[in-house]
Amino acid sequence: MAQKGPLALRLWNFKKAFIEDDTPVDDLSFLSRHRDTLRELVITGDEEMDVAEINQLRALERLNINAPGGANAVLRLAGMPSLRQLSILDRGPEGRRLIVDFGGATEIRQVLLAAPDESEVAAVAALPRLADATLEGAGAFPARFASLELTDLTVTGVTSWPASVTGIERVVSLEVAESRGLADLSLFADASPLRFLTLFDLPGLRSLRGVRFADDAEIDIQGCPDLVDLGELDPGRAVGGAVTGSPRLGLP
């Protein structure tokens with residue numbers, strides 16, 4: 100029987116594999132010989148993936164998926180004990196949505212996850228070594244992050260906020276976009292002085308009070324029409340395009 104998959108992947112023990120649109124991904128059995136050597140895998144496509152084979156890539160450290168998983172497909176991270184970076188952009192439509200099981204994932208430091216459900220948001224927040232988290236279309240913001248190493252936090256699509264949040268003491272880069280229900284930034288009061296702050300499309304946000312800024316802070320605020328108070332931010336930094344779409348501030 101002819102072997103499937105790209106010829107190069109069938110012949111050599113590569114440490115990196117990039118599988119793009121023109122390569123069928125419904126049968127990834129050709130990856131089996133690389134279970135103990137493959138360190139990075141990138142998959143892009145419109146076809147349903149052979150998730151079961153990905154679950155057995157024991158040496159994987161970086162995984163980037165932009166393809167649907169198929170009905171009831173579950174990506175089980177327990178089979179990838181060395182995984183440090185996970186990026187999933189395309190979860191697929193309902194019925195073909197890729198589900199992520201974070202159980203046993205103890206080494207992950209960087210996560211980009213699109214359209215996570217409530218349990219996945221909680222699982223990301225519970226990762227013990229998380230340093231950089233991006234949750235797109237999160238819905239609900241977690242009340243606690245378990246990692247003591249979290250420095251970079253990006254969330255979009257949040258409509259439900261907790262009364263308080265813990266575990267953000269080392270955060271120096273914060274981005275909040277396309278969200279509702281945030282009147283000020285007091286929720287992030289425990290964060291370190293911010294070096295980077297990005298706010299985009301946040302109607303209802305009236306004040307930046309609650310956060311502190313580093314001396315060299317870089318600010319990018321767009322589409323916050325109700326913003327009237329810069330908090331501790333030096334107004335001079337808001338001039339020159341760093342703050343736009345906030346007419347009530349009266350900036351030149």
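Taken in order, the sequence shown gives residues 100 to 351; the numbers are from the numbering used here.
Where is the CB? At the ideal position from N, CA and C, for every residue including glycine.
1. Work out the CA separation of Leu249 and Pro62 for me, nearest whole Å.
2. Taking the beta strand (DSSP E) that Ser79 falls in, what are its first and last residues?
3. Compute the distance between the beta-carbons of Asp289 and Glu274, then report whether it is under 7 Å.
4. Return the CA-CA distance between Asp216 and Arg190, expressed in angstroms with no decimal places.
5. Give every residue of the same chain whose Cβ lies closer than 6 Å to the Cβ of Leu307, excluding the five residues on either side of it in the sequence, and list them in chain order.
6. Run through the stretch 130-200 for me and flag every whole beta strand (DSSP E) of 3 or more residues, listed as ranges in chain order.
7. Given a cut-off of 7 Å on the beta-carbon distance, is the pair Ala232 and Leu252 in contact?
8. Starting from the Cα of Pro227, find the closest Cα among Leu162, Val210, Glu235, Ala276 and give me that residue.
9. Out of Met179, Pro302, Arg294, Thr265, which one is the CA nearest neighbour of Ala282?
10. Please state whether the Cβ-Cβ distance between Phe244 and Gly266 is less than 7 Å.
11. Within a Cβ cutoff of 8 Å, which residues of the same chain sit near Leu108, ignoring the five residues on either side of it in sequence?
12. Output yes if chain C places a C-beta closer than 7 Å to the C-beta of Ser345; else output no.
13. Which residue marks the beginning of the beta strand (DSSP E) containing Arg269, and which one marks its end?
14. In whole angstroms, what separates the C-alpha of Leu110 from that of Leu188?
15. What did DSSP end up calling Arg228 once you bin it into helix, strand or coil?
16. When DSSP labels each residue in this structure, what does Arg347 get in the three-state scheme?
17. The beta strand (DSSP E) that contains Glu317, what's its start and end?
18. So Ser186 and Glu160 are supposed to be a Cβ contact under 8 Å. How far apart are they, rounded?
19. Would you report the Cα separation of Ile153 and Pro123, rounded to the nearest angstrom?
Reading from the atomic positions:
1. There is no way to answer for residue 62, as the model of the chain reaches only from 100 to 351.
2. Past the edges of the chain, shown from 100 to 351, lies residue 79, and the structure says nothing about it.
3. Stepping through the sequence shown from its first residue, residue 289 is reached at position 190. Stepping through the sequence shown from its first residue, residue 274 is reached at position 175. At a Cβ-Cβ threshold of 7 Å, Asp289 and Glu274 do not count as neighbours.
4. Within the sequence shown, residue 216 is the residue found at index 117, counting from 1. Within the sequence shown, residue 190 is the residue found at index 91, counting from 1. Whole-angstrom Cα-Cα distance: 11 Å.
5. As a first step, residue 307 must be located in the sequence shown, where it is residue number 208. Taking C-beta separations shorter than 6 Å and ignoring five residues to either side along the sequence, the partners of Leu307 in its chain run Leu284, Leu329, Gly330, Leu332, following chain order.
6. Fully contained in the stretch 130-200 are the following beta strand (DSSP E) runs of length 3 or more, in chain order: 139-143, 161-165, 173-175, 184-189, 198-200.
7. In the sequence shown, residue 232 corresponds to position 133, counting from 1. In the sequence shown, residue 252 corresponds to position 153, counting from 1. Yes, Cβ-Cβ distance for Ala232 and Leu252 is below 7 Å.
8. Looking up residue 227 in the sequence shown gives position 128. Residue Val210 is the option with its Cα nearest to Pro227.
9. As a first step, residue 282 must be located in the sequence shown, where it is residue number 183. Distances from the CA of Ala282 to each of Met179, Pro302, Arg294, Thr265 were compared; the closest alpha carbon is that of Pro302.
10. Against the sequence shown, residue 244 aligns to sequence position 145. Against the sequence shown, residue 266 aligns to sequence position 167. With respect to Gly266, Phe244 sits close: the two C-beta atoms are nearer than 7 Å.
11. Looking up residue 108 in the sequence shown gives position 9. Note that Leu108 has pLDDT 46, beneath the 50 cutoff, so the model's placement of it is unreliable and the number below is only indicative. Answer for Leu108: Ala116, Phe129, Leu130, His133, listed in chain order.
12. Looking for chain C here will not work: only one protein chain is present.
13. For the purposes of this step, residue 269 is taken as the residue at position 170 of the sequence shown. Annotation: Arg269 is outside any beta strand (DSSP E) and is labelled neither H nor E by DSSP.
14. To locate residue 110, count along the sequence shown from 1; it is residue 11. To locate residue 188, count along the sequence shown from 1; it is residue 89. Here the model assigns Leu110 a pLDDT of 41, short of 50, so the residue's position is not dependable, and the following value carries that caveat. If I take the Cα positions, the gap works out to 30 Å.
15. As a working note, residue 228 is residue 129 in the sequence shown. Correct three-state label for Arg228: coil.
16. Against the sequence shown, residue 347 aligns to sequence position 248. Taken through DSSP and simplified to helix, strand or coil, Arg347 comes out as helix.
17. In the sequence shown, counting from the first residue as 1, residue 317 sits at position 218. Where Glu317 is concerned, the enclosing beta strand (DSSP E) stretches over 312-321.
18. Sequence index remark: in the sequence shown, residue 186 carries index 87 (1-based). Sequence index remark: in the sequence shown, residue 160 carries index 61 (1-based). About 12 Å separates the two Cβ atoms, so there is no contact after all.
19. The sequence position of residue 153 within the sequence shown is 54, counting from 1. The sequence position of residue 123 within the sequence shown is 24, counting from 1. Their Cα atoms are separated by approximately 14 Å.
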